[in-house]
Amino acid sequence: MKRFFLLVSLIVAGQTSSADIIETEVTLPDGLGKGIMYLNDDQKDPGPGVIVVHEWWGLNDYARNRARMLAEAGYTALAVDMYGTGEVATHPKDAKSFMETALADPQAMNARFQAARTMMLKQQQVAPGRLFAIGYCFGGAVVLEQARRGTDLAGVASFHGSLGTENPAK
Numbered sequence: 326m327k328r329f330f331l332l333v334s335l336i337v338a339g340q341t342s343s344a345d346i347i348e349t350e351v352t353l354p355d356g357l358g359k360g361i362m363y364l365n366d367d368q369k370d371p372g373p374g375v376i377v378v379h380e381w382w383g384l385n386d387y388a389r390n391r392a393r394m395l396a397e398a399g400y401t402a403l404a405v406d407m408y409g410t411g412e413v414a415t416h417p418k419d420a421k422s423f424m425e426t427a428l429a430d431p432q433a434m435n436a437r438f439q440a441a442r443t444m445m446l447k448q449q450q451v452a453p454g455r456l457f458a459i460g461y462c463f464g465g466a467v468v469l470e471q472a473r474r475g476t477d478l479a480g481v482a483s484f485h486g487s488l489g490t491e492n493p494a495k
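The sequence shown maps to residues 326 to 495 in the working numbering.
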């Protein structure tokens with residue numbers, strides 16, 4: 326009988342909530358691009374927010390799924406299109422071209438990130454001082470650059486992002 330109750334306890338403890346995730350396509354302030362906002366419908370109080378920056382492929386399913394996973398964990402997440410075009414590459418040649426075009430205009434890239442940051446800070450679900458940014462590959466370089474610029478974020482995480490910069494850390 327003890328084993329039965331132990332088994333039931335483990336099953337109940339291992340169950341996760343089935344929170345509804347609200348997925349909304351958004352336009353960044355000043356029309357600087359688009360993104361996908363993910364909100365956890367169960368979230369009642371302001372909590373952490375995360376800006377998710379895609380790999381060199383563009384805002385594809387991988388980045389969107391990462392943002393959704395964060396929302397499922399209780400974060401408010403914005404998967405932002407840093408290219409501003411909505412294009413997604415399927416071939417490395419195209420991905421390289423998209424990335425090089427974006428990197429050639431650091432002011433536009435910074436403006437797009439700042440627009441995403443502004444949008445997140447206006448979300449009532451995001452607590453003041455609890456906005457983070459994560460990026461993958463190209464996106465990792467983007468969030469590291471924001472850290473070097475001194476952008477007001479609670480933290481950044483770069484997953485296999487480039488470390489090179491023309492802008493040394495402040």
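Note that CB positions come from ideal geometry on N, CA and C, so glycine has one too. Remember, it's a predicted structure, so these values are computed and weren't measured experimentally.
Pairwise C-alpha distance: residue j and residue i
| i | j | result |
| --- | --- | --- |
| lysine 359 | valine 405 | 6 Å |
| alanine 420 | glutamate 470 | 20 Å |
| phenylalanine 438 | valine 481 | 13 Å |
| glycine 464 | arginine 393 | 17 Å |
| alanine 402 | glutamate 380 | 16 Å |
| alanine 414 | arginine 473 | 28 Å |
| asparagine 365 | proline 417 | 34 Å |
| methionine 424 | alanine 433 | 13 Å |
| serine 483 | valine 467 | 9 Å |
| threonine 476 | leucine 456 | 11 Å |
| glycine 383 | histidine 485 | 16 Å |
| lysine 369 | glutamine 450 | 8 Å |
| alanine 344 | leucine 446 | 23 Å |
| asparagine 390 | threonine 349 | 14 Å |
N-terminal and C-terminal residue of the alpha helix (DSSP H) that residue i is part of
| i | result |
| --- | --- |
| glutamate 397 | 386-397 |
| leucine 446 | 431-446 |
| proline 417 | 417-428 |
CB of residue i within 8 Å of CB of residue j, strictly
| i | j | result |
| --- | --- | --- |
| proline 354 | threonine 443 | yes |
| alanine 427 | isoleucine 376 | no |
| glycine 454 | valine 378 | no |
| isoleucine 346 | alanine 396 | yes |
One or two residues paired with residue i in a DSSP bridge
| i | result |
| --- | --- |
| tyrosine 461 | Phe484 |
| threonine 352 | Lys359 |
Residue i - containing beta strand (DSSP E), residue span
| i | result |
| --- | --- |
| lysine 359 | 359-365 |
| threonine 401 | 401-405 |
| glycine 374 | 372-378 |
For residue i, three-class secondary structure by DSSP
| i | result |
| --- | --- |
| valine 451 | strand |
| leucine 456 | strand |
| glutamine 340 | With a pLDDT of 40 at glutamine 340, under the threshold of 50, the modelled position of this residue cannot be trusted; read the value that follows with caution. In the structure shown, glutamine 340 sits in coil (DSSP, three-state: anything other than H, G, I, E or B). |
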